[in-house]
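Undergrad: Here it is, the structure in full.
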Amino acid sequence: MLYLIEVDAASRTKVEETRELLENVQYAPTKGRYKVYLIDEVHMLSNSSFNALLKTLEEPPEHVKFLFATTDPEKLPATILSRCLQFNLKRLTLSEISSHLEKILQQESIAFEAPALQHIAKAADGSMRDALSLLDQAIAYGNGQLLSAEISTMLGSIEQNQVYPLLEALVAQDAGALMDAVETMAAYQPDYGQVLAELLSTLQQIALLQYIPDYQNKASPLEDDSAQALSAFAKQMTPESIQLFYQIALLGRRDLPLSPEAKGGFEMVLLRMLAFLPVAAIDNTSPQTKSIQAKPNAPAPETSATHVQQTKAPSRNSSSNNAGISSARAALGQLQQDNKPKKKTLKSLAAKSQIPQNQVKPVTKSLPETSLSSHKAQSVRLQQQQEMPESAKFWASLLTQLEVSGGSRELANHCVLLQHENQQFVLQLDKMALHNIKREQDIYNALQRHFSGSVQLQIQKKTLSATQKQQTPAALQAAAKVKQNQQAWQTLENDSTVKALKNLFGAEFDRQSLKILAKGIS
Numbered sequence: 001m002l003y004l005i006e007v008d009a010a011s012r013t014k015v016e017e018t019r020e021l022l023e024n025v026q027y028a029p030t031k032g033r034y035k036v037y038l039i040d041e042v043h044m045l046s047n048s049s050f051n052a053l054l055k056t057l058e059e060p061p062e063h064v065k066f067l068f069a070t071t072d073p074e075k076l077p078a079t080i081l082s083r084c085l086q087f088n089l090k091r092l093t094l095s096e097i098s099s100h101l102e103k104i105l106q107q108e109s110i111a112f113e114a115p116a117l118q119h120i121a122k123a124a125d126g127s128m129r130d131a132l133s134l135l136d137q138a139i140a141y142g143n144g145q146l147l148s149a150e151i152s153t154m155l156g157s158i159e160q161n162q163v164y165p166l167l168e169a170l171v172a173q174d175a176g177a178l179m180d181a182v183e184t185m186a187a188y189q190p191d192y193g194q195v196l197a198e199l200l201s202t203l204q205q206i207a208l209l210q211y212i213p214d215y216q217n218k219a220s221p222l223e224d225d226s227a228q229a230l231s232a233f234a235k236q237m238t239p240e241s242i243q244l245f246y247q248i249a250l251l252g253r254r255d256l257p258l259s260p261e262a263k264g265g266f267e268m269v270l271l272r273m274l275a276f277l278p279v280a281a282i283d284n285t286s287p288q289t290k291s292i293q294a295k296p297n298a299p300a301p302e303t304s305a306t307h308v309q310q311t312k313a314p315s316r317n318s319s320s321n322n323a324g325i326s327s328a329r330a331a332l333g334q335l336q337q338d339n340k341p342k343k344k345t346l347k348s349l350a351a352k353s354q355i356p357q358n359q360v361k362p363v364t365k366s367l368p369e370t371s372l373s374s375h376k377a378q379s380v381r382l383q384q385q386q387e388m389p390e391s392a393k394f395w396a397s398l399l400t401q402l403e404v405s406g407g408s409r410e411l412a413n414h415c416v417l418l419q420h421e422n423q424q425f426v427l428q429l430d431k432m433a434l435h436n437i438k439r440e441q442d443i444y445n446a447l448q449r450h451f452s453g454s455v456q457l458q459i460q461k462k463t464l465s466a467t468q469k470q471q472t473p474a475a476l477q478a479a480a481k482v483k484q485n486q487q488a489w490q491t492l493e494n495d496s497t498v499k500a501l502k503n504l505f506g507a508e509f510d511r512q513s514l515k516i517l518a519k520g521i522s
């Protein structure tokens with residue numbers, strides 16, 4: 001026989017109560033060999049109470065055993081932990097809790113349904129004590145019997161069959177039916193976090209059924225109806241779609257508290273499942289199969305000559321593609337040769353003049369359209385930079401002298417100078433850009449300080465043309481940086497030491513590693 005004294009530390013935190021308890025420790029038990037003190041939630045005791053326990057814990061009587069139960073051992077003082085043996089208790093599984101509850105109900109001759117015990121086991125969250133407490137409440141709530149629907153209502157939980165309409169709508173890719181199922185569920189005011197949890201559990205069982213078909217025989221809580229429904233879903237859904245739904249539901253459950261409305265966040269999680277559904281899961285039939293199915297009476301395609309022509313077509317395409325690639329490579333090499341500095345122009349021209357005209361092949365014929373268009377666009381940009389109006393150069397130069405920084409400088413960098421007469425500045429800003437009155441005032445003040453007099457500033461918001469966008473100080477700075485990089489790259493290419501290293505080791509430059517320093521190249 002065990003002489004057990006249970007103490008709730010949450011309600012007895014004072015040191016006086018602890019000392020009163022310790023006064024009876026010295027007396028031997030009247031029944032049994034040991035006197036066991038079980039102190040629940042021991043971390044709730046005050047520091048004075050812990051200090052009162054230290055001497056007794058260090059030299060306890062032979063007939064006394066202390067059991068400290070806590071869910072937060074980090075709050076216990078180190079002096080207490082050093083005098084105790086720690087045992088970490090694991091959570092009980094759902095099957096262990098439900099089987100123990102089933103034994104109790106059978107001994108008490110109380111009618112029950114297996115899903116009802118599953119609801120209680122899930123709500124207990126691994127604690128048998130909480131499960132027994134919920135079992136007492138469930139017996140009183142159900143008037144001596146445990147029905148699954150009543151227990152679900154008492155706990156506010158969701159039954160598995162309530163998420164089946166959601167899965168059916170997801171499989172059918174019917175957004176309307178999906179929202180109808182949500183509205184039907186919303187009539188019961190559910191906890192949408194628990195709905196997602198039940199949906200996750202159902203998807204996990206479906207995934208197991210796809211890889212282990214007889215899994216429903218091993219899981220005792222599954223009834224015949226649930227097993228048939230899950231087996232049907234396992235055949236209709238692909239493993240990829242199940243994993244996608246599970247991951248989206250898992251992240252949606254985490255982010256659900258951040259949504260303005262729980263129901264709206266739950267709907268967005270379901271719509272996200274439809275939006276990111278894999279193409280293979282959306283439509284398993286190819287377009288060619290659809291066309292054949294749509295025309296069952298269509299005549300059979302001709303064979304022999306037609307089939308031979310169709311099989312030869314890809315070879316012609318592949319040869320033409322290879323020819324296009326070869327011509328593109330040749331054109332690229334020719335462009336690289338043209339871009340290199342020509343030191344002996346007269347000699348090379350004289351050598352070229354000796355080649356017969358019938359052996360000369362124009363390079364432009366082998367150039368792809370994309371290469372021509374990009375080369376032409378680059379020439380146009382260079383021409384535009386050379387023909388830059390004086391107003392753009394003046395505004396870019398003036399901006400480097402103005403005492404303006406931050407967002408105000410960014411605003412000025414993206415403006416085009418339209419007019420400048422008698423200290424009157426008219427700037428144009430693209431209408432899609434952000435405009436702030438305070439930034440405009442900063443530019444105005446900087447102009448006044450620079451010219452030491454009255455200045456008028458007007459910023460118009462209109463759509464900038466492509467030419468005007470190239471005239472902004474920001475565009476000029478970007479073009480100057482590109483030009484500087486090209487010059488630095490050309491300097492490296494012409495360096496004799498670099499050429500020797502490339503020839504010796506067969507090395508190539510990493511263009512991403514090129515950095516322009518203040519006094520050289522890195």
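In case it helps, full-length UniProt numbering puts the sequence shown at residues 1 to 522. Glycine included, C-beta positions come from ideal geometry on N, C-alpha and C. Treat the numbers as computed from the prediction; the structure is a model and nothing was measured.
#1: Do Ala169 and Ala181 have their CB atoms nearer than 8 angstroms?
#2: Would you list the one or two residues that DSSP bridges to Lys461?
#3: Unbroken alpha helix (DSSP H) runs of length 4 or more, entirely within the UniProt domain "DNA polymerase III tau subunit" (393-513): which are they?
#4: Counting along the chain, where does the beta strand (DSSP E) carrying Lys35 start and finish?
#5: Going by beta-carbon coordinates alone, are Met44 and Thr18 separated by less than 8 angstroms?
#6: Quick one: residues in its chain with C-beta nearer than 6 angstroms to the C-beta of Asp72, no 5 flanking neighbours on either side, listed in chain order?
#7: Who are the near neighbours of Leu501 in its chain, counting only those whose CB is closer than 7 angstroms to its CB and skipping five residues on each side?
#8: Going by other Cβ atoms of all chains shown within 10 Å of its Cβ, with 16 needed for buried, is Gln189 buried or exposed?
#9: Strictly by DSSP, which residues pair up with Val7?
#10: What did DSSP end up calling Ala78 once you bin it into helix, strand or coil?
#11: Should the region 61-70 be regarded as contacting the region 91-98, the criterion being three or more beta carbon pairs within less than 8 angstroms?
#12: Check each candidate in Leu53, Tyr3 and Leu2 and name the one with the smallest Cα separation from Glu16.
#13: For Ala149, which residues from the same chain have a beta carbon less than 8 angstroms from its beta carbon, with the 5 sequence-adjacent residues on both sides left out?
#14: Identify, in the order they occur along the chain, each residue of the same chain with its Cβ nearer than 7 angstroms to the Cβ of Ala131, setting aside the five sequence neighbours on each side.
#15: If I follow the unbroken alpha helix (DSSP H) through Leu57, where does it start and stop?
#16: Distance, Cα to Cα, Phe394 vs Leu271?
#17: Please classify Ala227: does DSSP put it in a helix, a strand, or coil?
#18: Once you ignore the five residues that flank Asn321 on each side, which residues in its own chain have a CB closer than 8 angstroms to its CB?
#19: If we ignore side chains and look at the alpha-carbon of each, how far apart do Glu20 and Ser157 end up?
#20: Round the Cβ separation of Ala474 and Asn413 to the nearest angstrom and send it over; I've been treating them as touching at under 8 angstroms.
#21: Can you find the residues in the same chain that come closer than 6 angstroms, C-beta to C-beta, to Asp255, ignoring five residues on each side of it along the sequence?
#22: Can you tell me the Cα-Cα spacing of Ser49 and Leu89, whole angstroms?
#23: Pull up the distance between the alpha-carbon of Asp8 and that of Leu38, whole angstroms please.
#24: Report yes if the C-beta distance between Val163 and Glu198 is below 8 angstroms; otherwise report no.
#25: Have a look at Asp430, Lys438 and Ser82 and flag the residue whose alpha-carbon is nearest the alpha-carbon of Gln471.
#26: Does the count of Cβ pairs from the region 453-464 and the region 481-498 closer than 8 angstroms reach three?
#27: Measuring alpha carbon to alpha carbon, tell me which residue in Leu398, Gln243 and Val455 is nearest Pro278.
#28: Under the three-state reduction of DSSP, which class applies to Phe66: helix, strand or coil?
#29: Is it right to say Ser405 is buried, meaning 16 or more other beta carbons lie within 10 angstroms of its own, or is it exposed?
#30: Using CA coordinates, which residue listed in Ser46, Ser259 and Ile5 is at the minimum distance from Val25?
#31: In chain order, what are the residue ranges of uninterrupted alpha helix (DSSP H) at least 4 long that sit wholly in the UniProt domain "DNA polymerase III gamma subunit" (149-275)?
#32: Helix or strand or just coil, what does DSSP make of Leu132?
#33: According to DSSP, Phe112 sits in a beta bridge with which residue or residues?
#34: Please determine if the region 409-429 and the region 437-450 are in contact, where contact requires at least 3 C-beta pairs separated by less than 8 angstroms.
#35: Mind reading off the beta-carbon distance from Leu146 to Glu113? Whole number of angstroms is fine, and I expect it under 8 angstroms.
TA: So, from the listed chains and residues:
#1: yes
#2: Leu429
#3: 406-413, 437-451, 466-469, 473-494 and 496-505
#4: Lys35 to Asp40
#5: no
#6: His43
#7: Ala507
#8: exposed
#9: Ile39
#10: helix
#11: no
#12: Leu53
#13: Glu159
#14: Ile97, Leu101, Ile120, Ala121 and Ala124
#15: Asn47 to Glu58
#16: 55 angstroms
#17: helix
#18: Caution applies to Asn321, whose pLDDT of 43 falls short of 50 and renders its modelled position unreliable; the value that the coordinates give is listed next. Excluding sequence neighbours, Asn321 sits near nothing in its chain.
#19: 44 angstroms
#20: 4 angstroms
#21: none
#22: 25 angstroms
#23: 8 angstroms
#24: yes
#25: Asp430
#26: no
#27: Gln243
#28: strand
#29: exposed
#30: Ile5
#31: 164-172, 175-186, 192-211, 215-218, 224-236, 239-255 and 262-275
#32: helix
#33: Leu146
#34: yes
#35: 6 angstroms
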